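Take a look at the structure below.
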Amino acid sequence: MIGRPVGAVVAARGQLIEAELPFARVGDGVRVCARDRAVSARVAALQGTRALLAPLGALDGVAGGDRVEADPAVLAFPFGTPLLGRAIDAAGNPLDGRPVPRGRRLAVAAQAPPLAERRPCTEPFVTGVRAIDGPLAFGRGARIGVFGAPGAGKSSLLDAIVCGAEADAVVVGLIGERGREAERRVAALGARTTIVCATGDRPPAERVRAAEVAFAQAGALRARGLHVLLVVDSLARICAAARETALAAGEPAGRGGYPPSVFALLARLLERAGAAARGTVTLVATVLSDGPDEHDPVSEAARAALDGHLVLSTRLARAGRFPAIDLVWSASRTLAEAVSPEHLAAARALRAAAAALEESRDARALGLGAADPFLARCVALEDALEGFLRQGPEPSAAPETLTRMLALADSLE
Numbered sequence: 177m178i179g180r181p182v183g184a185v186v187a188a189r190g191q192l193i194e195a196e197l198p199f200a201r202v203g204d205g206v207r208v209c210a211r212d213r214a215v216s217a218r219v220a221a222l223q224g225t226r227a228l229l230a231p232l233g234a235l236d237g238v239a240g241g242d243r244v245e246a247d248p249a250v251l252a253f254p255f256g257t258p259l260l261g262r263a264i265d266a267a268g269n270p271l272d273g274r275p276v277p278r279g280r281r282l283a284v285a286a287q288a289p290p291l292a293e294r295r296p297c298t299e300p301f302v303t304g305v306r307a308i309d310g311p312l313a314f315g316r317g318a319r320i321g322v323f324g325a326p327g328a329g330k331s332s333l334l335d336a337i338v339c340g341a342e343a344d345a346v347v348v349g350l351i352g353e354r355g356r357e358a359e360r361r362v363a364a365l366g367a368r369t370t371i372v373c374a375t376g377d378r379p380p381a382e383r384v385r386a387a388e389v390a391f392a393q394a395g396a397l398r399a400r401g402l403h404v405l406l407v408v409d410s411l412a413r414i415c416a417a418a419r420e421t422a423l424a425a426g427e428p429a430g431r432g433g434y435p436p437s438v439f440a441l442l443a444r445l446l447e448r449a450g451a452a453a454r455g456t457v458t459l460v461a462t463v464l465s466d467g468p469d470e471h472d473p474v475s476e477a478a479r480a481a482l483d484g485h486l487v488l489s490t491r492l493a494r495a496g497r498f499p500a501i502d503l504v505w506s507a508s509r510t511l512a513e514a515v516s517p518e519h520l521a522a523a524r525a526l527r528a529a530a531a532a533l534e535e536s537r538d539a540r541a542l543g544l545g546a547a548d549p550f551l552a553r554c555v556a557l558e559d560a561l562e563g564f565l566r567q568g569p570e571p572s573a574a575p576e577t578l579t580r581m582l583a584l585a586d587s588l589e
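The sequence shown begins at 177 in my numbering and counts up one residue at a time.
Right, here's the structure in full:
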């Protein structure tokens, strides 16, 4: 019987460690025993008995000949309720100044729910944001992307959703985030929330691991029958970190400079959200994008895999309308199955009005009148529609949102 693989460091190149480690397997957790500290790592690639290790921390202090030993505990955490109200890094170390979380440790590399256990998104997920809960409502277990350029209000929208969401628990994954922004979110940590953070200065493997930990925590809470909101900021930075690791391991670059394994990782993570037999994980993830016609490979891959997208308009943000959600370019693929027929009809009416106003904007700027009665009604109700979509930091109750939207839709008929 073969015991745990044991070996030694041969070299350290960039963000990877090369070690002689017979019998190691891709994905294994290992511990590099440097002179003054231990460095956790994951086996990223193999060539014969040589292993390329992606460290989950800084490489400072690692030297040739340091002992390397397999350690499954590196990739296990006390997922579930022990992490509620806590902020941790990708290695499980506390970021909130409290003791290390304790509990039964589970593997990070959990699988997506099997098809037989998946459930449709037939119950609306209330965010407290009128522009979403009204014309762009999505169901519990949906996977939604927030697309927008820097300064369009992505972080503010995420804050509003976290504050107003009707969920049993919230998991926030901050991947590659600025230290100041991470500190702000940790300071506002609530009792039902778990924050998993890897700032932009951390090694790329650590940033990817932080995303996996966030998804695993959400899945563990779902297994307990809870309705979980998982917020990830951002998918673009996860893919950038995965690209760094893959290129350093020798993978060839593909579309847009991204190795194929990056998109496999993205699909694997996104599939772990959703509605299962007992609970749900509703995903809201940001994606950096310069506009609705953006052809960035990460944006295209995310749009294909997600159940809807909220596109933030820099024009609306510059005009001071927040949230700057563009109804014309945004969409919810779970709207029809998650809401009532009257809600669906009203949502379609508001989106049609927004499209008519957008298409006629240039003509109206030139002083041309409305060309048809429907457009005339849309123009007359433009201020009322903007007032409905504009919202401050306070969440809006679902019944109030529906009542106001139905009244607007009736006025458009």
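Glycine included, every Cβ here is placed at the ideal spot set by N, Cα and C. In this text the structure is predicted, and so the values were computed from the model without any measurement.
With a threshold of 16 other beta carbon atoms within 10 Å, Arg280 falls short and is exposed. Your pair Leu459 and Arg368 does not check out as a contact, with CB atoms roughly 17 angstroms apart and the cut at 8 angstroms. Beta-bridge partners of Glu196 (DSSP): Ala184 and Arg226.
Approximately 7 angstroms separates the beta-carbon atoms of Ala267 and Gly233; this is inside 8 angstroms, confirming the contact. Measuring C-alpha to C-alpha distances from Glu382 to each of Leu333, Phe314 and Asn269 identifies Asn269 as the nearest.
Contact between Leu488 and Phe314 fails: their C-beta atoms lie close to 16 angstroms from each other, not under 8 angstroms.
Annotation for Leu459: the continuous beta strand (DSSP E) segment containing it runs Thr456 to Leu464. With a beta-carbon spacing of about 17 angstroms, Ala341 and Gly401 fall beyond the 8 angstroms limit used to define contacts. Straight-line measurement puts the Cα of Leu557 at about 46 angstroms from the Cα of Tyr434. Under the three-pair Cβ rule at 8 angstroms, the region 282 to 289 does not count as touching the region 414 to 426. Residue pairing by DSSP puts Asp409 in a beta bridge opposite Leu350. Setting aside the 5 residues that flank it on each side, Glu388 is surrounded in the same chain by Val284, each with a C-beta closer than 6 angstroms to its C-beta; the list follows chain order. Taking the Cα positions, Glu589 is about 14 angstroms away from Ala532. Look at Cys297 here: in three-state DSSP terms it is coil, with no helix or strand label. In the three-state DSSP reduction, Ser475 falls in the helix class (H, G or I). In the three-state DSSP reduction, Pro436 falls in the helix class (H, G or I). Per DSSP, the unbroken alpha helix (DSSP H) holding Thr579 starts and ends at Ala574 to Leu588. When Pro296, Leu584, Pro428 and Ala307 are compared, the shortest CA-CA separation from Glu513 is found for Pro296. The region 244 to 260 makes contact with the region 200 to 213: 3 or more CB pairs, one atom from each, lie closer than 8 angstroms.
The alpha-carbon separation between Glu576 and Leu228 amounts to approximately 56 angstroms. Assigned with DSSP and collapsed to three states, Glu245 falls in strand. Under the DSSP assignment, Arg319 falls in the beta strand (DSSP E) whose first and last residues are Arg319 to Gly324.
Thr298 sits exposed, since fewer than 16 C-beta atoms from the chains shown fall within 10 Å of its C-beta.
In the three-state scheme derived from DSSP, where H, G and I count as helix and E and B as strand, Phe314 is classed as coil.
Residue environment: Asp559 is assigned as exposed (fewer than 16 neighbouring CB atoms within 10 Å of its CB, all protein chains considered).
With contacts defined as CB atoms closer than 8 angstroms, Ala528 and Gly310 fail to qualify as a contacting pair.
DSSP, read as helix, strand or coil, puts Gly450 in strand. The C-beta of Ala221 has 16 or more other C-beta atoms within 10 Å across all chains shown, which makes the residue buried. Annotated as distal: Gln223 and Pro380, with beta-carbon spacing of 8 angstroms or more.
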